[in-house]
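Working notes, beginning with the structure itself.
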């Protein structure tokens with residue numbers, strides 16, 4: 007018998023999706039016209055991050071409360087955790103597109119400064135807290151984010167999107183505090199502290215913000231790639 011508590015993780019995701027999905031039909035932003043591009047840019051990173059999640063779950067880096075989930079698992083992950091990698095990126099891309107639409111000057115700046123700042127912050131965090139592998143997850147999440155940032159810094163086609171990314175990322179952190187705050191304070195997600203640094207923002211490990219930075223960048227990279235293909239009348243797949 008499913009109780010209200012078993013629905014908590016699912017309700018958190020649905021609550022997160024409600025606003026962006028309903029506002030996707032705003033005439034100025036018209037994000038509904040880009041549904042195909044957004045979902046194409048979400049699927050591949052979702053596959054990669056679900057695999058990542060499954061591996062670290064199997065290593066007992068974290069676990070999930072049976073009290074706040076439905077009890078349906080895929081690859082050892084609650085079904086809600088699978089949905090997380092589709093719902094949150096969709097909401098994030100919506101915010102990113104809103105800023106592009108209402109503040110087009112964000113795309114006129116060939117400025118990689120936000121990328122270099124992100125790289126510097128992650129390296130400093132890794133140096134002081136996670137290297138060399140004193141906290142396993144801290145090291146892996148930092149190194150993966152560094153790899154993504156460096157890869158995009160050397161892609162001239164991405165230069166105009168760094169500022170829009172930075173503004174979008176900082177804005178999305180506001181609802182992220184609410185969502186991750188609920189997931190970590192109930193807790194829905196239970197962290198094994200021996201794999202993490204001791205740095206928390208409220209109940210949220212700092213590693214979660216680095217993890218999300220890498221995911222958001224991959225989503226944006228693919229999103230802009232598919233939009234460019236559409237503008238050049240090339241098939242999306």
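Numbering (the numbering used here), first residue to last: 7 to 243.
All C-beta atoms, glycine included, are put in the ideal place defined by N, C-alpha and C.
Local Cβ density within 10 Å of residue i, reported as buried at 16 or more and exposed below that
| i | result |
| --- | --- |
| residue 59 | buried |
| residue 57 | exposed |
| residue 86 | buried |
| residue 11 | exposed |
| residue 197 | buried |
| residue 108 | exposed |
| residue 204 | exposed |
| residue 82 | exposed |
| residue 78 | exposed |
| residue 93 | buried |
| residue 28 | exposed |
| residue 118 | buried |
| residue 122 | exposed |
| residue 33 | exposed |
Integer Cβ distance of residue i from residue j, believed to fall under 8 Å
| i | j | result |
| --- | --- | --- |
| residue 181 | residue 22 | 7 Å |
| residue 124 | residue 155 | 5 Å |
| residue 62 | residue 143 | 7 Å |
| residue 113 | residue 173 | The pair is not a contact, with the Cβ atoms about 11 Å apart (cut-off 8 Å). |
Other residues of its chain near residue i: CB distance less than 6 Å, five sequence neighbours each side excluded
| i | result |
| --- | --- |
| residue 89 | 19 |
| residue 84 | 70, 75 |
| residue 1 | Limits of the chain in this structure are 7 at one end and 243 at the other, which puts residue 1 out of reach. |
| residue 233 | 43 |
| residue 228 | 47 |
Same chain, Cβ closer than 7 Å to residue i, neighbours up to 5 away in sequence not counted
| i | result |
| --- | --- |
| residue 217 | 147 |
| residue 225 | 47, 48, 51, 95, 98, 99 |
| residue 3 | Nothing can be reported for residue 3, as the shown portion of the chain is limited to 7 through 243. |
| residue 152 | 125, 128, 129 |
| residue 104 | 35 |
Three-way DSSP call (helix, strand, coil) for residue i in this model
| i | result |
| --- | --- |
| residue 195 | strand |
| residue 250 | Residue 250 lies beyond the residue range present for the chain, which begins at 7 and ends at 243; the question has no answer from this structure. |
| residue 212 | helix |
| residue 80 | strand |
| residue 118 | coil |
| residue 207 | strand |
| residue 75 | coil |
| residue 35 | coil |
| residue 30 | coil |
| residue 184 | helix |
| residue 131 | helix |
| residue 202 | coil |
For residue i, the first and last residue of its enclosing beta strand (DSSP E)
| i | result |
| --- | --- |
| residue 70 | 68 to 70 |
Endpoints, alpha helix (DSSP H) assigned at residue i
| i | result |
| --- | --- |
| residue 61 | 41 to 64 |
| residue 10 | Run containing residue 10: none; DSSP gives neither H nor E here. |
| residue 90 | 85 to 108 |
Residues near residue i by beta carbon distance below 8 Å, same chain, minus five either side
| i | result |
| --- | --- |
| residue 183 | 207, 208, 210 |
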